[in-house]
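Residues in the sequence shown are numbered from 2 upward in steps of one, following the working numbering. In what follows, a structure is listed as structure tokens, so that the remarks can point back to it.
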Amino acid sequence: FITWNDVSNSQSLNRDYLPIPIVEWKYNDFNLKTTTFAANVEGKPVLVVNYTAENKSDMMVEGKLFVTLRPFQVNPPSQDLNIVGGTANIRSIKYSDGIATVNDTTQVLSLSTHNAFGATEFDQGDITSFVSRGEVPSTHISSIISVMHLLHSNMT
2 FITWNDVSNS QSLNRDYLPI PIVEWKYNDF NLKTTTFAAN VEGKPVLVVN
52 YTAENKSDMM VEGKLFVTLR PFQVNPPSQD LNIVGGTANI RSIKYSDGIA
102 TVNDTTQVLS LSTHNAFGAT EFDQGDITSF VSRGEVPSTH ISSIISVMHL
152 LHSNMT
């Protein structure tokens, strides 16, 4: 089980100058690169996130990538001026036909296939408790403010 606390990380921009941030995690011979950018699709803003896993060892490695949507605003100190972070108001999350819909408005679509989807309510515990056990909550619909969504894909 590898978390943000176990890795060394670096940040860069695509081609060293484009406004497309890249964060790379390194853990022994395993790298995970996260690239994000914004786009306009049919007049609507879209955030695209791409995960690239790389095994640099000679051995076959199996694992799972758990991706969670959590209601927290996270800003680096350089962007913290006059902005108060905290939790977002998530009233509901629903999953149908490969799309997670938050608060009946914001949609999250996975472009790659995945094995499971689950949501958890505040009184069921933090989503990280499920992830640390390698589990996905069985609930697909929730309506409590602190709901969190989990999606995982097998990686080889």
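Note that beta-carbon positions come from the ideal geometry of N, C-alpha and C, so glycine has one too.
Locate the alpha helix (DSSP H) running through residue i, then write down its first and last residues.
i                 : result
phenylalanine 131 : 128-133
The beta strand (DSSP E) that contains residue i, what's its start and end?
i            : result
glycine 64   : 64-70
alanine 1    : Any property of residue 1 remains undetermined from this structure, which presents the chain solely from 2 to 157.
proline 46   : 45-56
serine 119   : Rather than serine, the amino acid found at residue 119 in this sequence is glycine. Start and end: 117-121.
isoleucine 3 : Premise fails: isoleucine 3 is in no beta strand (DSSP E) and is neither H nor E.
valine 8     : Taken as a continuous stretch (DSSP letters only), valine 8 belongs to no beta strand (DSSP E), as it is neither H nor E.
Using the Cα positions of residue i and residue j, report the straight-line distance between them to the nearest angstrom.
i                 : j             : result
phenylalanine 123 : asparagine 83 : 29 Å
arginine 16       : glutamate 25  : 14 Å
glycine 99        : valine 137    : 16 Å
glycine 135       : asparagine 41 : 35 Å
serine 143        : isoleucine 91 : Confidence at serine 143 is low in this model, with a pLDDT of 47, below 50, so its placement is unreliable and no value can be given for it.
threonine 4       : threonine 88  : 21 Å
proline 72        : lysine 45     : 22 Å
threonine 106     : glutamate 43  : 16 Å
glycine 126       : tyrosine 18   : 41 Å
Examine chain D for any beta-carbon lying closer than 8 Å to the beta-carbon of residue i, and answer yes or no.
i          : result
glycine 44 : Among the chains of the structure shown, chain D does not appear; only one protein chain is present.
What do you reckon, are the CB atoms on residue i and residue j nearer than 8 Å?
i                 : j            : result
leucine 33        : alanine 54   : yes
leucine 48        : threonine 37 : yes
phenylalanine 118 : tyrosine 96  : yes
glutamine 12      : proline 22   : yes
phenylalanine 2   : serine 133   : yes
Contact check, residue i vs residue j under 8 Å by CB: the rounded distance?
i              : j          : result
asparagine 104 : serine 111 : With 8 Å as the limit, asparagine 104 and serine 111 do not qualify as a contact, their Cβ atoms being about 19 Å apart.
Return the chain-ordered list of same chain residues with a C-beta closer than 7 Å to the C-beta of residue i, the five sequence neighbours on each side being excluded.
i           : result
aspartate 7 : Tyr28
serine 158  : Nothing can be reported for residue 158: it is not among the residues displayed for the chain, which extend from 2 to 157.
valine 50   : Thr35, Thr37
Excluding the 5 residues flanking residue i on each side, which residues of the same chain have their C-beta closer than 6 Å to its C-beta?
i              : result
lysine 57      : Asp30
valine 109     : Ala101
isoleucine 145 : Note on isoleucine 145: pLDDT 37, under 50, position unreliable in the model; the coordinate value appears next. Excluding positions up to five away in sequence, the list reads Glu122, Phe123.
Please return the same chain residues whose Cβ sits closer than 8 Å to the Cβ of residue i, not counting the five positions on each side in sequence.
i          : result
leucine 14 : Pro20, Ile21, Pro22, Ile23
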